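Numbering-wise, this note's numbering puts 179 at position 186 of the sequence shown, and it's gapless, one number per residue.
Where is the CB? At the ideal position from N, CA and C, for every residue including glycine.
Keep in mind it's a predicted model, so treat the numbers as computed, not measured.
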Amino acid sequence: MSEERYLTFALGKGRLANKTLELFEQIGITCEEMKDKSSRKLIFVNEEKKLKFFLSKGPDVPTYVEYGAADIGVVGKDTIMEENRRVYEVLDLGFGKCRMCVCGPASAGELLRHHERIRVATKYPLIARDYFYNKKHQTVDIIKLNGSVELGPIVGLSDVIVDIVETGSTLKENGLGVLEEICPLSARMIVNQVSMQMETERIRTLITQLKELCQEGSK
Ligand code: PRP
């Protein structure tokens, strides 16, 4: 029986994983081991339901899922777009909502409007490249940073940034604003392409239960 096989979940460490576990608890999937914050264990098992969970860096989640080391992953849409792995995106979990935007000082609005060759600092070079080259048909220079991207325009590294905006307070506190919106983001469930064929029933049931829960939540 297919119930014999473990289904393995890769969760992006941090807030996303905590929210995911809260959601799973509501459909009866629990993993007590994972709640022990002092534990240094990396992988947690629910023997009864034959489930395994592990926490990884967000950008590694699609990698684990593509290669089948995890059957299922939960990660932000930004990471899915940037990593561009061969996985099925099956469900919008409705939390972790934010937006991918082009941001900068108000003065950079002119440069964008005139399709100037500007410098764009970002943690998301693939998303930035796709937006400027394929959607806007604007040639830009993309500079990869690893965090605190808002510094880019402030210290004169770049004209604008492409980054996640949630509340907008980081931008505001640094004298920057949203200039263009690229797309909305939220947490998504992704599935390995082979697992989807081999474990169709278990995965479909899980998707249906989570979908119902998300719809309840958004009512
Ligand atoms: C993210 C993002 C922005 C900030 C947006 O950074 O890169 O800097 O959150 O949130 P806000 O609109 O609510 O202010 P994160 O905290 O992940 O750190 P990072 O700058 O190191 O990427």
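Cβ of residue i within 7 Å of any heavy atom in the ligand PRP?
i      : result
Asp156 : yes
Gly89  : no
Thr160 : yes
Arg61  : Correcting the residue identity first, residue 61 is Gly in this sequence and not Arg. No, the beta carbon of Gly61 sits no closer than 7 Å to any heavy atom of the ligand PRP.
Leu119 : no
Leu164 : yes
Glu143 : yes
Lys12  : no
Ser69  : As written in the sequence, residue 69 is Gly, which differs from the Ser given in the question. No.
Gly168 : no
Gly7   : no
Lys116 : yes
Gly51  : no
Gly140 : yes
Please list, in chain order, all residues of the same chain as residue i whose beta carbon is under 6 Å from its beta carbon, the five residues on each side excluded.
i      : result
Thr13  : Leu4 and Val67
Leu199 : none
Cys176 : Met93
Phe125 : Gln131 and Val133
Gln202 : Ile20
Ser188 : Asp64
Less than 8 Å between C-beta atoms, sequence neighbours within five positions excluded: which residues of the same chain meet that for residue i?
i       : result
Ser(-5) : Note that Ser(-5) has pLDDT 45, beneath the 50 cutoff, so the model's placement of it is unreliable and the number below is only indicative. Excluding positions up to five away in sequence, the list reads Met191, Glu192, Glu194 and Arg195.
Lys45   : Tyr(-1), Leu0, Thr1, Phe2, Ile36, Phe37, Val38 and Asn39
Asn139  : Lys116
Ordered along the chain, which non-local residues of its own chain (more than five positions away) have a Cβ less than 7 Å from that of residue i?
i      : result
Ala121 : Val113, Thr115, Ile135 and Val155
Leu172 : Val95, Cys96, Gly97, Ala101, Gly102, Leu105 and Val153
Asn167 : Glu143 and Ile147
Lys204 : Leu84
Ala99  : Gly170
Thr91  : The amino acid at residue 91 is misidentified as Thr; the sequence shows Cys. Same-chain partners within the cutoff: Ile157, Val158, Glu159 and Leu178.
List the whole-angstrom C-beta distance separating residue i from residue j, where the pair is believed to meet the contact cut-off of C-beta under 8 Å.
i      : j      : result
Leu206 : Ile65  : Actually they do not touch by this definition, with Cβ atoms about 16 Å apart.
Asp71  : Leu178 : 5 Å
Lys28  : Leu0   : With 8 Å as the limit, Lys28 and Leu0 do not qualify as a contact, their Cβ atoms being about 20 Å apart.
Val80  : Pro52  : Going by Cβ atoms, the distance from Val80 to Pro52 rounds to 13 Å, so no, they are not a contact pair.
Tyr60  : Ser49  : Between Ser49 and Tyr60 the Cβ distance is about 12 Å, and since that is not below 8 Å, they are no contact.
Ile157 : Val133 : Not confirmed; about 19 Å, so no contact.
Glu75  : Leu119 : 5 Å
### Message
To test your reading of the DSSP string, which unbroken alpha helix (DSSP H) runs of 4 or more residues are found completely within the stretch 168 to 205?
### Response
186 to 191
### Query
Are there three or more Cβ pairs, one per stretch, closer than 8 Å when the stretch 75 to 90 is compared with the stretch 168 to 182?
yes
### Completely contained alpha helix (DSSP H) runs for the stretch 97 to 151, where each covers 4 or more residues
101 to 106, 118 to 122 and 144 to 148
### Every unbroken alpha helix (DSSP H) within the stretch 50 to 75, with a cutoff of 4 residues, ordered by chain
54 to 59
### Task
Scan the stretch -5 to 35 and note each continuous alpha helix (DSSP H) run of 4 residues or more that stays entirely inside, going in chain order.
8 to 19
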